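The numbers in the working numbering rise by one with no breaks, and the one at position 83 of the sequence shown is 83. Report on the structure given below.
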Amino acid sequence: MLEKWINPIYLDDTRTSKLRADFEADPVRMLILDDVLLPERYARISQGLRTDCDWTTHYGVDASGELTSAERFNATPADRRLFRHGNYRAPKKGRELAPGMLAIVGFKLLAGRADFRHWLGTLTGIDTGAIADLLVRRMGRDDFSTRHDDRASERRLCLLLYFNDDWHPGMGGTFRVFTARGERVIDPLPNRAILFDVDADQSHGVDPLRDVPADWHRYNFTLWLG
């Protein structure tokens, strides 16, 4: 099944061994994989995110991180706002069986398979069980996520996968990692995956999207495995 989804360079034993060594040597146990999905799979999911999905906007303020209303978010001082982003709600009416929607569902099924989890384990040395959560997110102009970590008892490994066609650095929306040695800025390039150990010594956030067209969005899957 993996060979129907994943770029074969990441299924080669020699390559995966080197990537695992890189992951384990990294102070914050993080790995970047470019062009990770096969082009046809990537294209179908990317199209589905743009044409087949309905979205709801989520807002967070204060330290709790709990969801709040748009009214409370807008009334909260900017330095106390935690995040604003869209979350996948449901397929659009009539698009339930569209090729893009089926590709999105197909990836969700793939993420739950033992061979997929085993592959991630070969890359990171982290053995995982079931999916802790899988979110499909969309960010538009002025959306952001402030500095936080993903630590939770049911999470061991996080996978971010980007579907940001036509993104360039001037748009903002970079993934910023805060470590004891300083900051890393990772571009959310299309078909780029980021793997990281949830318990490693880092926190992260997403810079606000600024110079983007009103109808352009930054898309990603966020998968946590326990």
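Glycine included, C-beta positions come from ideal geometry on N, C-alpha and C. This structure is a prediction, so every number in the text was calculated from the model and none was measured.
State buried or exposed for residue i, treating a residue as buried only when at least 16 other CB atoms are found within 10 Å of its CB.
| i | result |
| --- | --- |
| Ser145 | buried |
| Ser46 | buried |
| Ile126 | buried |
| Thr124 | buried |
| Arg84 | buried |
| Asn74 | exposed |
| His204 | buried |
| Thr56 | exposed |
| Thr174 | buried |
Using the Cα positions of residue i and residue j, report the straight-line distance between them to the nearest angstrom.
| i | j | result |
| --- | --- | --- |
| Ala103 | Gly121 | 24 Å |
| Arg72 | Tyr59 | 9 Å |
| Leu225 | Arg113 | 12 Å |
| Ala63 | Glu3 | 42 Å |
| Gly182 | Arg156 | 23 Å |
| Pro244 | Thr128 | This structure gives no information on residue 244, because the portion of the chain shown stretches from 1 to 226. |
| His118 | Ala90 | 29 Å |
When you compare the CB positions of residue i and residue j, do they come within less than 8 Å of one another, or not?
| i | j | result |
| --- | --- | --- |
| Asp211 | Arg176 | no |
| Cys158 | Phe196 | yes |
| Tyr162 | Leu189 | yes |
| Ile9 | Arg192 | no |
| Val105 | Leu82 | no |
| Trp5 | Leu109 | no |
| Met139 | Gly65 | no |
What is the DSSP secondary structure of residue i, counted as helix, strand or coil?
| i | result |
| --- | --- |
| Gly121 | helix |
| Glu183 | strand |
| Asn191 | coil |
| Pro8 | helix |
Starting from the N-terminal side, write out each stretch of the beta strand (DSSP E) that is 3 residues or longer and does not extend beyond the stretch 97 to 173.
As far as the stretch 97 to 173 is concerned, its whole beta strand (DSSP E) runs of at least 3 residues are 131 to 139, 144 to 148, 157 to 162.
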